[in-house]
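These notes concern the structure reproduced below.
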Amino acid sequence: MARRTDASGSGDDTAFETAPVRTDGGGHGVSSDGATVGHDPDGPVGPDSPHEPDVDHDEHEHRSRWPLVAAVGAGGLYGGAAIAILGNETGLLPPLVGVALAVVGTIVLLAGIAGWVDEVFLAPAREGAVGGSSRESYVWTTLLFLTTDVSTFGALFIYYFFVRVGAWPPEELPPLLGSLVIVNTAILLASSVTFHYAHEALEEGNRRRFLGLLGTTLVLGIVFLGGQVYEYYEFVVHEGFSISSGVFGTAFYGLTGLHGFHVALGVGGIAVLCWRALRGHYGPDRDTSVATVSLYWHFVDFVWVFLVLVLYVGATV
């Protein structure tokens, strides 16, 4: 808004002019004289950035297509796997159709996850990226995703319970409950605790403690994945127990493998958080990414505890 002056240089208190503002294709505000507004050239902007764009969060609510893309891909992956198994067992459908669908679904799923990670975590860290979404929209979107993800694990748990209805225990059942799974469980639970207190430290403005606990969480997640790989090695090489070891082998590796995939995604998300945290992108009022990844990580930990109780402990009773 500019104040107009007359020829004598005196201000006209009644003459204020406001330049109309429109938006260009990239979401930047553009005034009638061509000037760009709502963009800070000094650094990254977005939901977690210290450079807040001049936008109205209520009028520019964020909508993302990537969660839907990932969900469609996951549906293709699981549907294709089901068709392949059904076709192989009954001959009603060509198994190759299921395999092809599963491959396409995997590609679409990974593309959706990559696009979502880029949009939520990486784009705000790049120079000139403008974000106009609220913290609540990301948190609620994450909760919705986790709610739908319950059905993914639920399908495999139902399959396992169906296996338990038949002859039990199966002949191929190896000694599942050992020191390795106990240690691995303790490591994953500890990572959930360190993540919680890392978020608390961020909200309190304690950057050093936040970085230390977040880095510890990342290390614990990587160690957990290494422990699961070593467990697979022990089962396959020394126990002769693999995914082809009957219906129980399919259920075991399906559940633990799906969970391991989720942990790997979480480790990737935490790694991005660490990278951005070292660049100073987070603060007490800029914690959207930290909050969403924290929700996801606690969900993965909860699923693991349930999986251990049902699959490892439950298989021995």
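For the sequence shown, the working numbering begins at 3 and goes up steadily by one.
Ideal Cβ placement from N, Cα and C applies to all residues, glycine included.
From a predicted model like this one, the values you see are computed outputs, not experimental measurements.
Task: Separation of arginine 166 from alanine 203, as counted between CA atoms - done: 45 Å
Task: Counted within 10 angstroms of its Cβ, other Cβ atoms place serine 194 as buried (16 or more) or exposed - done: buried
TODO: May I have the straight-line CA-CA distance separating leucine 297 from leucine 145, to the nearest angstrom?
DONE: 8 Å
TODO: Work out the CA separation of histidine 240 and alanine 279 for me, nearest whole Å.
DONE: 42 Å
TODO: Within 10 angstroms of the Cβ of asparagine 186, are there 16 or more other Cβ atoms? Answer buried if so, exposed if not.
DONE: buried
Open item on the list: Do cysteine 276 and leucine 227 count as a contact pair if the criterion is CB distance below 7 Å?
Closed with: no
Open item on the list: In the DSSP assignment, the alpha helix (DSSP H) including glycine 268 goes from what residue to what residue?
Closed with: 248-280
Task: Meets three-Cβ-pair contact criterion under 8 Å: the region 219-238 and the region 264-272 - done: yes
- [ ] Taking all protein chains shown into account, decide if alanine 253 is buried (16 or more other Cβ within 10 angstroms of its Cβ) or exposed.
- [x] buried
TODO: Flag this pair as yes or no: are the beta carbons of glycine 107 and glycine 78 separated by less than 7 Å?
DONE: yes
TODO: Give me the Cα-Cα distance between alanine 86 and tyrosine 199, rounded to the nearest whole angstrom.
DONE: 45 Å
Open item on the list: Can you tell me whether arginine 67 is helix, strand or coil according to DSSP?
Closed with: coil
Task: Cβ-based neighbour list, leucine 182, same chain, cut-off 8 Å, excluding 5 preceding and 5 following - done: Gly229, Tyr232, Glu233 and Glu236
Task: Buried or exposed (CB count within 10 angstroms, at least 16 for buried), aspartate 287 - done: exposed
Task: Proximity to proline 97 [Cα-Cα], best of Leu313, Gly81 and Leu112 - done: Gly81
- [ ] Please confirm whether leucine 260 and leucine 309 have their CB atoms less than 7 Å apart.
- [x] no
TODO: May I ask which residues mark the beginning and end of the alpha helix (DSSP H) holding arginine 210?
DONE: 209-235
Task: Buried or exposed by the 16-neighbour rule on C-beta atoms within 10 Å, applied to leucine 1 - done: Outside the shown range of the chain (3 to 319) lies residue 1, about which nothing can therefore be said.
TODO: State yes or no: is the C-beta of alanine 317 within less than 7 Å of the C-beta of leucine 178?
DONE: yes
Task: glycine 180 - DSSP class collapsed to helix/strand/coil - done: coil
Open item on the list: For tyrosine 298, report the span of its alpha helix (DSSP H) as first-last.
Closed with: 290-309
Open item on the list: Please state the DSSP three-state secondary structure of glycine 285.
Closed with: strand
- [ ] Locate the alpha helix (DSSP H) running through valine 101, then write down its first and last residues.
- [x] 97-119
Task: Local conformation of leucine 191 per DSSP, three classes - done: helix
Open item on the list: On a Cα-Cα basis, can you pick out the residue from Gly114, Tyr161, Leu175 and Leu103 that is closest to serine 247?
Closed with: Leu175
Open item on the list: Can you tell me whether threonine 150 is buried or exposed? The criterion is at least 16 other CB atoms within 10 Å of its CB, across all chains shown.
Closed with: exposed
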